[in-house]
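Novice: Take this structure first; my questions come after.
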Amino acid sequence: MGVSCNPNAPSLVQNFARVKMQVTMSLSSLVGTSQNFNEEFLRRSLKTILTYAEEDLEIRDTTFPEQVQDLVFNLHMILTDTVKMKEHQEDPEMLIDLMIAKGYQNSPDLRLTWLQNMAGKHCERGNHAEAAQCLVHSAALVAEYLNMLEDCRYLPVGCVTFQSISSNVLEESAVSDDILSPEEEGICAGKYFTESGLIGLLEQAAASFHMATMYEAINEVYKILIPIHEANRDFKKLSTLHGKLQDAFNKINNQVRARGPTADSPATEPLDSVASARAFLQAGQARSEHW
């Protein structure tokens with residue numbers, strides 16, 4: 001059965017944005033994780049695609065060649081960025097800086113992919129506080145788009161809800177300015193841009209905060225999670241969360257008792273860890289402006 005290649009076909013016009021997004025995300029994941037990736041072969045393939053788009057007489061007077069050119073350009077940029085990152089594979093701070101620099105895209109899907117890549121790199125190196133912050137930013141980005149699509153009282157109102165966890169999380173709200181109708185453009189179509197995806201990211205963030213012994217931050221994450229489970233009447237989840245909260249508060253209390261706090265001393269140490277993680281992300285963003 002044949003497939004229509006008419007660039008003016010409504011289905012192709014409507015779905016090309018989705019195709020661009022899926023190809024870009026797939027390539028981003030592939031070149032970032034594969035050990036036997038041949039950059040030169042892919043560049044040749046991209047050049048061939050571009051040549052076909054430019055030389056096809058039937059589509060020359062349409063916007064299709066321009067869209068293909070834009071896609072190929074973005075894919076070339078991803079390849080170039082990945083080469084830079086592999087050159088700094090043994091320099092973790094430089095590697096994360098490069099990921100931050102290239103992660104601020106106008107594409108929320110690709111932005112989410114880079115944030116998760118950063119979280120993975122931090123986990124590999126035992127930087128659980130930083131990994132948790134990346135996951136918080138991921139959840140905030142998803143919340144921003146869910147808030148654009150529908151108004152649910154029990155869901156977080158975009159990035160602003162996460163400010164008690166990360167002071168610079170409002171950066172994620174700026175990414176959405178260029179996209180007014182994500183449901184029509186094939187944007188934010190990944191599995192994480194759903195209520196269940198948001199829950200998963202928040203649970204991962206809480207787990208990373210626990211590994212970083214940042215128990216007060218766990219409480220802040222659960223303040224966002226609990227209303228969602230209450231709205232869904234998921235009493236099993238609520239029971240689990242409250243059990244984990246009890247454990248976190250007991251550990252905070254043990255820290256306070258072990259240190260013997262004075263009236264003017266901070267209640268817990270995790271707040272210092274939160275500040276450290278925030279400072280890391282802010283410093284990385286500042287350094288990334290040079291790339």
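Here the sequence shown is numbered in the UniProt record's numbering, starting from 1 and rising by one per residue.
Using N, Cα and C, we set each Cβ at its ideal position, and we do this for glycine too.
Using the C-alpha atoms, what's the distance from L57 back to E130?
Specialist: Answer to the nearest angstrom: the Cα atoms are 52 Å apart.
Novice: Could you check if L73 is buried or exposed, using at least 16 other CB atoms within 10 Å of its CB as the buried criterion?
Specialist: Leu is not the amino acid found at residue 73; the sequence shown has Phe there. Exposed, by the Cβ-count rule.
Novice: Check this for me: beta carbons of V142 and L202, under 7 Å apart or not?
Specialist: Cβ distance not < 7 Å, so V142 and L202 don't count as in contact.
Novice: Mind checking which residues open and close the alpha helix (DSSP H) that includes N147?
Specialist: It spans H128 to L149 - the alpha helix (DSSP H) in which N147 sits, taken as one unbroken run.
Novice: Taking the straight line between their C-alpha atoms, what separation do you get for E195 and I78?
Specialist: If you take the alpha carbons of E195 and I78, they lie about 29 Å apart.
Novice: Can you give the Cα-Cα distance for A132 and T51, rounded to whole angstroms?
Specialist: C-alpha separation (whole angstroms): 44 Å.
Novice: Leaving aside the five residues before and after K237 along the sequence, list all residues of the same chain whose C-beta is less than 7 Å from its C-beta, in chain order.
Specialist: These residues qualify, in order along the chain: H229.
Novice: Secondary structure at S26, three-state DSSP: helix, strand or coil?
Specialist: Reduced to three states, the DSSP call for S26 is helix.
Novice: For the alpha helix (DSSP H) containing R43, list its first residue and its last residue.
Specialist: Element bounds for R43: E39 to E55.
Novice: Compute the distance between the beta-carbons of A205 and V136, then report whether it is under 7 Å.
Specialist: Yes.
Novice: Could you check the C-alpha separation between K47 and G190 for me, to the nearest Å?
Specialist: If I take the Cα positions, the gap works out to 28 Å.
Novice: Would you report the Cα separation of K223 and C134, rounded to the nearest angstrom?
Specialist: The alpha-carbon atoms of K223 and C134 are separated by roughly 18 Å.
Novice: Could you round the C-beta distance between L112 and S138 to whole angstroms and report it? I think they count as a contact, below 8 Å.
Specialist: Rounded, the Cβ-Cβ distance is 6 Å, consistent with contact.
Novice: Measure from the C-beta of N250 to each C-beta in chain B and report whether the shortest distance is under 7 Å.
Specialist: Here chain B cannot be found, since the structure has a single protein chain.
Novice: In whole angstroms, what is the alpha-carbon distance linking T227 and D70?
Specialist: The sequence as given places Pro at residue 227; Thr does not occur at that position. One C-alpha to the other measures close to 42 Å.
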